[in-house]
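Quick note, the sequences are listed as chains A and L, same order.
When we follow the numbering used here, the leftmost residue of the first sequence carries the number 48, and every step to the right adds one.
When we follow the numbering used here, the leftmost residue of the second sequence carries the number 48, and every step to the right adds one.
Cβ coordinates follow ideal geometry from the N, Cα and C atoms, glycine included.
Each remark here refers to the structure printed beneath this line.
There are 2 protein chains.
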Amino acid sequence: MAGARVDGRVARGNQTRRLVLGRTMDIASVEGLDGLSIGRVATELGLSKSGVFALFGSKEEMQLATIRAARAVYARRVVHPAEEVPPGVGRVRELCASYLAYSRGRTFRGGCFFTAVAAEFSARDGAVRDAVAAARAEWIGCVRGVIQEARDLGELRADVDVPQLAFELAALLEMANADSVLHRDDGGYGRAARAIDERLAAATPGG
Amino acid sequence: MAGARVDGRVARGNQTRRLVLGRTMDIASVEGLDGLSIGRVATELGLSKSGVFALFGSKEEMQLATIRAARAVYARRVVHPAEEVPPGVGRVRELCASYLAYSRGRTFRGGCFFTAVAAEFSARDGAVRDAVAAARAEWIGCVRGVIQEARDLGELRADVDVPQLAFELAALLEMANADSVLHRDDGGYGRAARAIDERLAAATPGG
């Protein structure tokens, strides 16, 4: 019985944590991670400040938990759909298309979570910056990885510079997100898709 | 004499204003425009809070004045050097090179001022967001303008899609800035320069 009560408390705690992190991800995507405060989140969700505090212990821990939760969402929406496609150029295309759909569909209210918080923290120091940098490095590593696979399979030319092509594709994706969020101009999604097609065509054997 | 005293006060006021805006541009480039508060700026510069308040009247006015000052710096460092080169592909190249030098040389402590604050305010509403969006729109307009000139002169192919090419060049420039500021990896400057060369070569008649 004591075990069941503890399990019930843990389940409620986990549920509250998910509720809180859903809100903190949306706030951070619009206003940045600095916009998060335990008091504000508690008020918005009708929870007690002490209850939210007990879940995280500090504002910084809440920021870090928000980044981890956003990484999981990003993996599910952008990375996993590409992993369901066989390795090769098709997977590179799918990864780019998933990112554009993730940004355009406003998975997070303020567009791409990581673009929003990267600029906010990039020039600072500390654990939050390091977590943001690690998440972005993981993303760039993912883009490089799918390009490398495609090259290893002979679907991209052997002389393709993998970090260079990854840099160019990631730049186009982020620019489409920025145009849409800042200028409310969705034309960038088509421009990015067209430029990515051209880059991949040029990197294809005989292309 | 009364006129001279007033002139002296105005001159001192302008000097203080420049001092304050120099600091607020650096703070905003690292921590964003939300990092600005009249009290903080006064403390950091050893000025009275009421004196700084008298210069701007509100935090929002200080943010807007900071954006205007940063636009002037950006024009001087990025746009004007390109205007000193004759219209054509050379001016497009110079504009891109000036941006990369402006970012790499940390004209602002946190890298490109507008990239830093665009992500911060892009998903919000209000006068600060509008000013940031106007500054970025002006920049994209400038990139399109120099490409259009080059096309009109026949130095770029007649079928070059001007907004498309401007989107691609601006994306590469911003990505180089982001890599340098967030990952402290300056490799993006070379990657951006290489990709820009390739895009312009492909857009050149016979290219």
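Would you mind telling me which residues of chain D sit closer than 8 Å to S169 of chain L, beta carbon to beta carbon, in chain order?
Judged by its chain identifiers, the structure shown contains no chain D, and its protein chains are A and L.
Just to confirm my understanding: we take E215 of chain A, look at its own chain, exclude 5 residues before and 5 after, and list those with CB closer than 7 Å. What are they?
Answer for E215 of chain A: R246, listed in chain order.
Nearest residue (CA-CA) to A242 of chain A, options A:T63, A:R140 and A:S84
If we check each option's Cα against that of A242 of chain A, A:R140 comes out closest.
What's the call for V136 of chain A, buried or exposed, on a 16-neighbour Cβ count within 10 Å?
Classified as buried, V136 of chain A has 16 or more neighbouring CB atoms from the shown chains inside 10 Å of its CB.
Put P134 of chain A into one of helix, strand or coil per three-state DSSP.
Collapsing the DSSP output to three states places P134 of chain A in coil.
For the candidate residues A:A223, A:S169 and A:R153, whose alpha-carbon lies nearest to that of D73 of chain A?
Ranked by Cα distance from D73 of chain A, the options A:A223, A:S169 and A:R153 are led by A:R153.
Please confirm whether V67 of chain L has its beta-carbon closer than 9 Å to some beta-carbon of chain A.
Not one chain A Cβ lies under 9 Å of V67 of chain L.
Spell out whether any CB of chain A is found under 9 Å from the CB atom of V88 of chain L.
Residue-level contact by beta carbon fails for V88 of chain L and chain A, as no gap is shorter than 9 Å.
Where the stretch 172-185 of chain A meets chain L: residues whose CB sits under 9 Å from a CB there:
Listed by position along the chain: R176, V179, A180, R183 and A184.
Taking Cβ-Cβ distances shorter than 8 Å, what residues in chain L pair up with V77 of chain A?
Result: A170 and R171.
Just to confirm, is the Cβ distance from P133 of chain L to S145 of chain L under 9 Å?
For the 9 Å CB-CB criterion, P133 of chain L and S145 of chain L do not form a contact.
Cα separation between R124 of chain L and I194 of chain L?
Approximately 19 Å between the Cα atoms of the pair.
Are at least three pairs of beta-carbons, each pair with one atom in the stretch 181-201 of chain A and one in the stretch 198-206 of chain L, less than 8 Å apart?
Two segments are said to touch when three or more pairs of C-beta atoms, one from each, lie closer than 8 Å; by this definition the stretch 181-201 of chain A does not touch the stretch 198-206 of chain L.
So, using beta-carbon positions, are R115 of chain L and Y236 of chain L closer together than 9 Å?
No.
Compare the beta carbon distance of G79 of chain A and A165 of chain L with 9 Å and say whether it is the shorter of the two.
No, these two residues do not count as a Cβ contact at 9 Å.
Where does the unbroken alpha helix (DSSP H) through S95 of chain A begin, and where does it stop?
Boundaries for S95 of chain A: no alpha helix (DSSP H) harbours it, and the DSSP string shows neither H nor E there.
Mapping DSSP to helix, strand and coil, what is A248 of chain A?
When secondary structure is reduced to three states using DSSP, A248 of chain A falls in the helix class.
With H, G and I counted as helix, E and B as strand and the rest as coil, what does DSSP make of S227 of chain A?
The answer is helix: DSSP assigns S227 of chain A an H, G or I state.
Any chain L beta carbon closer than 9 Å to D206 of chain A
Not one chain L Cβ lies under 9 Å of D206 of chain A.
Only counting the same chain, and skipping five residues up and downstream in sequence, which positions put a Cβ closer than 6 Å to that of V53 of chain A?
No residues qualify anywhere along the chain.
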